[in-house]
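Heads up: the sequence shown begins at 117 in my numbering, then just goes up one per residue.
Heads up, the beta-carbon is just placed ideally off N, CA and C, and yes, glycines get one too.
What follows is one structure encoded as structure tokens, with my remarks underneath.
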Amino acid sequence: MKKILILIIILILFSVIVNAERIRVDLIKQDPDPVRSGDVVEVKFKLDNSQDLTKNDVKVEILPNYPFALYSENSTKDFGRIDSREVVYFDFKLKVDNTAADGKHDIVLKLYEGDTVWLLKDAFYIEVENKRLELKPYIVASDIVTHGSSGKFTIEIANVGRQNIDALELELLESKDYKLLSTSNYVYIGDLEADDTESEDFSIYVNDKVHNVNIPLKLRYEVNDKIYDEDFNLILNLLTEEEAKKIGLIKNSSVTYIIVVIIILVALFFIYKKFRKK
């Protein structure tokens with residue numbers, strides 16, 4: 117009786133091992149790679165049934181733990197019965213905690229076939245980069261008031277992260293909202309220490325019928341011999357002509373016309389008096 121019981125246990129264990137091996141799950145991609153702390157990452161998997169049609173429905177459940185939290189709508193993917201040699205692709209979205217440390221972090225899956233469950237642990241890792249690098253560009257000054265006018269604006273870049281930045285470059289990207297009047301859209305700034313700022317001026321002509329000027333730009337910099345590229349879009353808010361006139365930034369055209377007429381009349385009056393004396 118004992119021998120029969122041991123044999124049954126061995127057969128069950130062997131069956132579980134065989135089933136686990138024939139249904140293989142692989143992590144094939146994370147996007148972005150690496151993901152920065154505080155951001156969302158999409159993790160893509162491949163499920164491969166290397167043998168016969170499964171006897172039961174197959175499901176995969178993700179078990180997010182620190183520093184990950186589920187960002188997708190559902191933590192479980194249900195594939196039904198999977199054919200022999202069938203490959204299934206699936207993905208989850210995870211939010212990375214702001215305090216996540218640099219490095220690889222484990223994510224855990226549960227694989228179900230009917231009532232049988234396998235815990236897939238220490239098999240999948242997500243590369244996380246702590247958000248210690250953070251540059252914030254913003255428009256700090258501008259003398260451009262309305263559309264259809266030219267002027268200068270100033271972009272300031274703040275290093276609000278915890279690391280010094282090397283070889284910082286600023287490039288204005290194309291925009292249909294304005295025409296660049298400066299000689300170049302590119303500026304080399306150089307090193308920018310943590311908790312410090314640098315600013316650069318640009319001259320543009322704002323096209324007609326534009327009320328909010330989109331100023332796309334690219335920042336490129338280097339930290340620990342690794343190059344980073346980041347794209348931003350700044351907004352330069354303009355006033356309508358009526359708003360600008362109300363606060364005195366644009367002179368009212370009718371007032372200007374009256375002043376010109378008065379000046380002309382005064383000039384004609386003096387000319388008339390001068391000729392009358394002769």
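Assumed close pair Asn323, Asn353 - CB separation to whole angstroms, cut-off 8 Å: In the sequence shown, counting from the first residue as 1, residue 323 sits at position 207. In the sequence shown, counting from the first residue as 1, residue 353 sits at position 237. In fact, because the Cβ distance is near 15 Å, the residues do not count as touching under 8 Å.
Quick one: measure Cβ to Cβ for Phe161 and Asp142, integer angstroms, because I've assumed they're closer than 8 Å. Here residue 161 refers to the residue found at position 45 of the sequence shown. Here residue 142 refers to the residue found at position 26 of the sequence shown. With 8 Å as the limit, Phe161 and Asp142 qualify as a contact, their Cβ atoms being about 7 Å apart.
For Ala383, name the three-state secondary structure that DSSP assigns. As a first step, residue 383 is located in the sequence shown; it is residue number 267 there, counting from the start. Here Ala383 sits in helix by DSSP.
Just to confirm, is the Cβ distance from Ser153 to Asp213 under 9 Å? For the purposes of this step, residue 153 is identified with residue 37 of the sequence shown, where counting begins at 1. For the purposes of this step, residue 213 is identified with residue 97 of the sequence shown, where counting begins at 1. Yes; because the gap between Cβ atoms is below 9 Å, this pair is in contact.
Just the C-alpha distance for Ile128 and Tyr344, rounded to the nearest angstrom, thanks. Mapped onto the sequence shown, residue 128 falls at position 12. Mapped onto the sequence shown, residue 344 falls at position 228. Only weak support exists for where Ile128 lies, its pLDDT of 38 falling under 50; the value from the coordinates is given anyway. Their backbone Cα atoms lie some 53 Å apart in a straight line.
May I ask you to verify whether the segment 295-309 touches the segment 220-240, counting CB pairs closer than 8 Å and requiring at least 3? no
Take the Cβ of Tyr294 as the centre, count every other Cβ of all protein chains shown within 10 Å, and call the residue buried at 16 or more, exposed below. Working through the sequence shown from its first residue, we reach residue 294 at position 178. Classification of Tyr294: buried, given that the 10 Å Cβ count is 16 or more.
Using the rule of at least 16 other Cβ atoms within 10 Å of the residue's Cβ for burial, across every protein chain shown, is Asn165 buried or exposed? On the sequence shown, residue 165 is found 49 positions in, with the first residue counted as 1. Buried, since its Cβ has 16 or more Cβ neighbours within 10 Å.
Who pairs with Gly306 in a beta bridge, going by DSSP? Numbered from 1 along the sequence shown, position 190 holds the residue referred to as residue 306. DSSP output for Gly306 lists Leu284 as bridge partner(s).
For the beta strand (DSSP E) holding Leu335, just list the boundary residues, first then last. Residue numbering aside, residue 335 sits at position 219 when the sequence shown is read from its first letter. Note, Leu335: beta strand (DSSP E), Asn328 to Val339.
For the beta strand (DSSP E) that Val212 lies in, which residues bound it at each end? Sequence index remark: in the sequence shown, residue 212 carries index 96 (1-based). Taken as a continuous stretch (DSSP letters only), the beta strand (DSSP E) holding Val212 covers Val203 to Val212.
Proximity of Arg201 and Glu285 at Cβ, strictly below 9 Å: Counting from 1 along the sequence shown, the entry for residue 201 is found at position 85. Counting from 1 along the sequence shown, the entry for residue 285 is found at position 169. Going by C-beta atoms, Arg201 is not nearer than 9 Å to Glu285.
Excluding the 5 residues preceding and the 5 following Ile122 in the sequence, name in chain order all residues of the same chain whose CB lies nearer than 7 Å to its CB. Sequence index remark: in the sequence shown, residue 122 carries index 6 (1-based). Any reading at Ile122 must be qualified, since the residue scores a pLDDT of 47, below 50, and its modelled position is unreliable; the value itself is stated next. Contacts found: none.
To the nearest angstrom, how far is it from the Cα of Asn172 to the Cα of Arg138? Walking along the sequence shown from the start, residue 172 turns up at place 56. Walking along the sequence shown from the start, residue 138 turns up at place 22. Each residue's alpha carbon lies about 14 Å from the other.
In chain order, what residues of the same chain lie with their CB nearer than 6 Å to the CB of Val224, ignoring the 5 residues before and after it? Indexing the sequence shown from 1 puts residue 224 at position 108. Hits under 6 Å: Leu179 and Lys237.
Looking only at its chain, what residues have a beta carbon closer than 8 Å to the beta carbon of Asn246, apart from the 5 residues adjacent to it on each side? Counting from 1 along the sequence shown, the entry for residue 246 is found at position 130. For Asn246, where only same-chain residues beyond five positions count, the Cβ hits under 8 Å are Arg152, Ser153, Ala216, Ala217 and Asp218.
Using a Cβ-Cβ cut-off of 7 Å (strictly less than) and excluding sequence neighbours within five positions of Tyr241, which residues of its own chain qualify? Here the question's residue 241 lines up with position 125 in the sequence shown. Closer than 7 Å at Cβ, skipping near neighbours: Lys220, His221 and Asp222.
Distance, Gln167 Cα to Glu250 Cα: Counting from one through the sequence shown, the residue named residue 250 turns up at place 134. Counting from one through the sequence shown, the residue named residue 167 turns up at place 51. Going by the C-alpha atoms only, they are around 49 Å apart.
Do the CB positions of Lys325 and His263 come within less than 9 Å of each other? As a working mapping, residue 325 is identified with position 209 in the sequence shown. As a working mapping, residue 263 is identified with position 147 in the sequence shown. Yes, Cβ-Cβ distance for Lys325 and His263 is below 9 Å.
Determine the extent of the beta strand (DSSP E) in which Thr313 is found, giving its start and end residues. Position 197 of the sequence shown, counted from the start, is the residue given in the question as residue 313. Element bounds for Thr313: Thr313 to Val322.
Going by other Cβ atoms of all chains shown within 10 Å of its Cβ, with 16 needed for buried, is Ile320 buried or exposed? Your numbering for residue 320 matches position 204 in the sequence shown. Its Cβ being crowded by 16 or more others within 10 Å, Ile320 is buried.
My guess is that Phe318 and Phe269 are in contact by the Cβ rule of under 8 Å, so how many angstroms apart are they, rounded? Within the sequence shown, numbered from 1, the residue matching residue 318 stands at position 202. Within the sequence shown, numbered from 1, the residue matching residue 269 stands at position 153. Yes, they are in contact, since the Cβ atoms of Phe318 and Phe269 sit about 6 Å apart, within 8 Å.
In chain order, each beta strand (DSSP E) run of at least 3 residues that lies wholly inside the segment 139-225: 139-147, 156-165, 174-179, 184-186, 192-196 and 203-212
Which of the three DSSP states, helix, strand or coil, is assigned to Ile378? Taking the sequence shown and counting its residues from 1, one reaches residue 378 at position 262. In the structure shown, Ile378 sits in a helix (DSSP, three-state: H, G or I).
Just reading off the beta strand (DSSP E) that Ile343 is part of, what are its end residues? Within the sequence shown, numbered from 1, the residue matching residue 343 stands at position 227. Unbroken beta strand (DSSP E) run through Ile343: Lys342 to Asn353.
For a test of the three-state rule: what should DSSP assign to Val256, helix, strand or coil? Here the question's residue 256 lines up with position 140 in the sequence shown. Note: Val256 maps to strand in three-state DSSP.
Val382 classed as buried or exposed, judged by whether at least 16 other C-beta atoms fall within 10 angstroms: Within the sequence shown, residue 382 is the residue found at index 266, counting from 1. With fewer than 16 Cβ atoms within 10 Å of its Cβ, Val382 is classed as exposed.
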